[in-house]
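S.K.: Chains as they are written, first to last, in full-length UniProt numbering: chain A, 1 to 142; chain B, 1 to 280. Cβ coordinates follow ideal geometry from the N, Cα and C atoms, glycine included. Source: prediction; values computed, not measured. Below you'll find the structure I mean.
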Amino acid sequence: MKLLTLNFLTCAIKTCKSAPSSFPLHPRDASLEVIETDLNLPFLKNILPRLMWDELRVITSELGLPDLPPTPPTREDLVVAAEDAAVEGEESEEEASQTAKDLHRVLLETTVKEGKLVCGNCGHEYKVLEGVPNFLLPGHLV
Amino acid sequence: MSRPEDILPPDLFYNDSESRKYTTSSRIQRIQSDMTHRALSLLDLHSPSLILDVGCGSGLSGEILSNTADDGTPGGPHVWIGFDISSSMLGVALEKEVEGDLFLADAGQGVPFRPGTFDAAISISAIQWLCNAETSEDSPLGRLSRFFGGLYASLRRGGRAVCQFYPKNDEQKKMVSQAAIKAGFGAGLLEDDEGTKNAKTYLVLTVGGGDLDGDITGVVRGMDGVDVMARPGVARGAKRGQEAKGSKGWILKKKEQMERKGKVVKASSKYTGRKRRVQF
Ligand SMILES: C[S@@+](CC[C@H](N)C(=O)[O-])C[C@H]1O[C@@H](n2cnc3c(N)ncnc32)[C@H](O)[C@@H]1O
Ligand SMILES: [Zn+2]
Chain A
1 MKLLTLNFLT CAIKTCKSAP SSFPLHPRDA SLEVIETDLN LPFLKNILPR LMWDELRVIT
61 SELGLPDLPP TPPTREDLVV AAEDAAVEGE ESEEEASQTA KDLHRVLLET TVKEGKLVCG
121 NCGHEYKVLE GVPNFLLPGH LV
Chain B
1 MSRPEDILPP DLFYNDSESR KYTTSSRIQR IQSDMTHRAL SLLDLHSPSL ILDVGCGSGL
61 SGEILSNTAD DGTPGGPHVW IGFDISSSML GVALEKEVEG DLFLADAGQG VPFRPGTFDA
121 AISISAIQWL CNAETSEDSP LGRLSRFFGG LYASLRRGGR AVCQFYPKND EQKKMVSQAA
181 IKAGFGAGLL EDDEGTKNAK TYLVLTVGGG DLDGDITGVV RGMDGVDVMA RPGVARGAKR
241 GQEAKGSKGW ILKKKEQMER KGKVVKASSK YTGRKRRVQF
């Protein structure tokens with residue numbers, strides 16, 4: 001499971017819906033795997049404003065990954081400024097900046113392979129096996 | 001032909017052998033692919049989006065979502081997250097090394113994402129299963145309501161969902177559509193090949209607000225055979241503009257206002273599908 005997904009996933013238990021501490025879920029005993037994939041610049045630009053940056057930083061630090069900057073990049077930061085490349089009226093390909101590459105590596109290539117995800121509110125543990133978290137709940141918690 | 005929903009619960013019906021049989025059948029591959037493309041055309045996406053696939057199975061739709069626009073996926077490649085109640089189906093998806101994230105979950109228990117997560121959602125041949133409650137403590141209406149309620153919240157304003165499903169009869173078609181409307185969606189039903197044995201039912205759902213045309217009549221404008229069930233704001237008492245302070249809706253709206261106040265953002269350039277490798 002990508003760290004991107006972890007920035008959107010919440011505890012599934014009904015009584016946690018309104019509790020702020022039920023997001024983000026905290027990885028425990030997690031083993032990580034980097035799975036390379038093509039960088040998708042328009043996607044990164046699309047998703048950037050929807051990220052919860054502080055929570056992403058919490059997760060990367062809990063996983064022992066390098067610190068992320070305290071403030072999120074802007075959409076402009078994701079693109080290499082290329083004055084010479086841009087010819088008016090011509091469809092020019094934008095080039096991904098190092099910031100975009102780093103963000104891509106963290107969000108889309110860094111995955112939780114095994115371990116569990118723990119709710120900060122109710123303590124419920126969601127097991128992750130082969131990168132697949134189990135969100136099936138016993139009936140009384142629905 | 002008997003309906004699998006009437007025989008067994010989905011996680012038991014889609015066991016290892018059935019999941020493999022399902023996924024390797026070229027007939028099924030073709031039908032699911034056609035329906036995924038139909039759903040994509042209804043979603044009307046123009047750039048790479050974050051998409052939820054409900055009852056994603058072995059990832060037949062997901063593989064299409066991951067394709068580039070040049071390979072026939074409008075707005076692609078998209079990033080998708082799929083969930084399914086059958087671990088066997090997900091196992092087959094893992095073997096195929098699909099690009100999307102997968103998780104094991106029951107749509108009848110809700111959709112565990114924070115508000116406004118997805119640009120769009122797709123569900124192919126899955127939600128009729130919600131009409132069969134597996135336990136005595138649960139009802140089809142309860143499951144449908146948790147599913148559509150969760151789906152509605154997880155979509156961003158202006159987002160859309162398309163659910164192709166196989167209603168058992170008109171009553172079930174109505175029960176599913178009404179549950180979606182009750183959750184706040186604008187809803188329309190699209191029927192392909194109506195009255196034939198190949199009939200396909202698409203529930204087209206819109207979340208009001210945002211800059212997309214959230215009005216269902218806009219989505220299905222000019223299409224034949226579309227039955228508009230409700231329009232956002234008409235079917236619903238509380239409008240999205242009147243969210244209670246601190247509620248999910250309120251926070252979403254605030255965020256959107258903040259984004260609007262921020263820098264003017266250039267529209268994304270068309271993704272050309274050129275391959276890039278990250279250098280480290
Ligand atoms: C006919 S298959 C379709 C799979 C995939 N969408 C496709 O088009 O190939 C139906 C799928 O719905 C899943 N399903 C049934 N009930 C479900 C539920 N309550 N929650 C999640 N998935 C469910 C089944 O496990 C199965 O994988
Ligand atoms: Zn919880």
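(1) Using a Cβ cut-off of 8 Å, pull out every chain B residue sitting near A:K2, in sequence order please.
(2) Nearest to B:E97 by alpha carbon, out of B:K182, B:G186, B:G59?
(3) I believe B:G55 touches B:D84 by the beta-carbon criterion, under 8 Å. Please report the beta-carbon distance rounded to the nearest angstrom.
(4) Just to confirm, does B:C163 get its C-beta within under 7 Å of one of the non-hydrogen atoms of ligand 1?
(5) Would you kindly work out how many angstroms separate the C-alpha atoms of A:K116 and B:I28, rounded to a whole number?
(6) Does B:R231 pass the burial test, meaning 16 or more other C-beta atoms within 10 Å, or should it be called exposed?
(7) Find the residues of chain B that neighbour A:N40, judging by a C-beta separation of less than 8 Å, and give them in chain order.
(8) Using 8 Å as the limit for Cβ to Cβ distance, is A:E114 near chain B?
(9) Could you spell out where the alpha helix (DSSP H) holding B:R157 opens and where it closes?
(10) Identify the contact partners of A:C11 in chain B, using a Cβ-Cβ distance below 9 Å as the criterion.
(11) Measuring only the C-alpha atoms, how far is A:P69 from B:V162?
(12) Check the C-beta distance from B:D106 over to A:L136 and give it rounded, since I have them as a contact under 8 Å.
(13) Between the C-alpha atoms of B:R146 and B:H46, what's the straight-line distance to the nearest angstrom?
(14) If the cut-off is 7 Å on Cβ atoms, which residues from the segment 39-70 of chain B count as contacting chain A, listed in chain order?
(15) For B:F148, which residues of its own chain have a beta-carbon under 6 Å away from its beta-carbon, when the five flanking residues on both sides are left out?
(16) Against chain A, does B:G116 count as a neighbour if the rule is that its beta carbon must be under 8 Å from one of theirs?
(17) Could you compute how far the alpha carbon of A:V58 sits from the alpha carbon of B:N198?
(18) Mind pulling the chain A residues with CB within less than 7 Å of B:G179?
(19) Comparing alpha-carbon positions, which option in A:A12, A:S18, A:L44 lies nearest A:T99?
(20) Thinking just about the alpha-carbon of each residue, which of B:S88, B:S86, B:I31 is nearest to the one in B:I64?
(21) So that I know if they touch, is there some Cβ in chain B lying closer than 8 Å to that of A:E130?
(22) Spatial neighbours of B:S61 within its chain, please: CB distance less than 7 Å, with the 5 preceding and 5 following residues excluded, ordered by chain position.
(23) What I want to know is whether the C-beta of B:S58 ends up closer than 7 Å to one or more non-hydrogen atoms of ligand 1.
(24) Taking 8 Å as the cut-off, does the segment 133-144 of chain B touch the segment 163-170 of chain B (at least 3 CB pairs, one atom from each stretch)?
(25) Is A:P20 buried or exposed, if buried means 16 or more other CB atoms sit within 10 Å of its CB?
(26) Compare the Cα-Cα distances from residue 340 of chain B to each of B:G82, B:F185, B:V92, B:G186 and report the closest residue.
(27) Going by other Cβ atoms of all chains shown within 10 Å of its Cβ, with 16 needed for buried, is B:P10 buried or exposed?
(28) Residues with a Cβ closer than 5 Å to any heavy atom of ligand 2, in chain order?
(29) List the residues that DSSP assigns as beta-bridge partners of A:P133.
M.R.: According to the structure data:
(1) In chain order: D101.
(2) With respect to the C-alpha of B:E97, the residue from B:K182, B:G186, B:G59 having the closest C-alpha is B:G59.
(3) The beta-carbon distance between B:G55 and B:D84, rounded to whole angstroms, is 6 Å. This is short enough to meet the 8 Å contact definition.
(4) B:C163: no, Cβ never under 7 Å from ligand 1.
(5) Those two C-alpha atoms are separated by around 35 Å.
(6) Since pLDDT at B:R231 reaches only 48, below the 50 mark, its modelled position is unreliable, and the value read off the structure follows with that caveat. Under a 10 Å Cβ-count criterion, B:R231 is classified as buried, with 16 or more other Cβ atoms of the shown protein chains found around its own Cβ.
(7) The contacting residues are P48, P77, V79, Y271.
(8) Not an interface residue.
(9) Membership of B:R157 in any alpha helix (DSSP H) is not indicated; the residue belongs instead to the beta strand (DSSP E) covering 155-165.
(10) Within chain B, the residues near A:C11 are P112.
(11) Approximately 38 Å, taken between the alpha carbons.
(12) Indeed they touch by this definition, with Cβ atoms about 6 Å apart.
(13) Answer to the nearest angstrom: the Cα atoms are 30 Å apart.
(14) Identification of residues in the segment 39-70 of chain B having a C-beta nearer than 7 Å to some C-beta of chain A yields S47, P48, S49, L50, given in sequence order.
(15) In its chain, beyond the 5 residues on either side, A179, A180, A183 have a beta carbon closer than 6 Å to the beta carbon of B:F148.
(16) Cβ-Cβ to chain A under 8 Å: yes for B:G116.
(17) A:V58 and B:N198: Cα-Cα distance of roughly 50 Å.
(18) It should be pointed out that residue 179 of chain B corresponds to Ala in this sequence rather than to Gly. Those do not exist, as B:A179 stays about 16 Å from chain A at its closest Cβ, beyond 7 Å.
(19) Comparing C-alpha distances from A:T99 to each of A:A12, A:S18, A:L44 shows the shortest one belongs to A:L44.
(20) Nearest to B:I64 by C-alpha distance, out of B:S88, B:S86, B:I31, is B:I31.
(21) Answer yes: the Cβ-Cβ gap between A:E130 and chain B drops below 8 Å somewhere.
(22) Correct list, in chain order: Q32, T36, D53, I122, I124.
(23) For ligand 1, at least one heavy atom lies less than 7 Å from the Cβ of B:S58.
(24) Below 8 Å, too few C-beta pairs join the segment 163-170 of chain B and the segment 133-144 of chain B to call them touching: fewer than three.
(25) By the Cβ-count criterion, A:P20 is exposed, with fewer than 16 other Cβ atoms from all chains shown falling within 10 Å of its own Cβ.
(26) The shown model of chain B, from 1 to 280, leaves out residue 340 of chain B, and the question about it has no answer.
(27) With 16 or more other Cβ atoms from the protein chains shown falling within 10 Å of its own Cβ, B:P10 counts as buried.
(28) The filter returns A:C11, A:I13, A:C16, A:S22, A:C119, A:N121, A:C122, A:H124, in chain order.
(29) Paired residues: A:V128.
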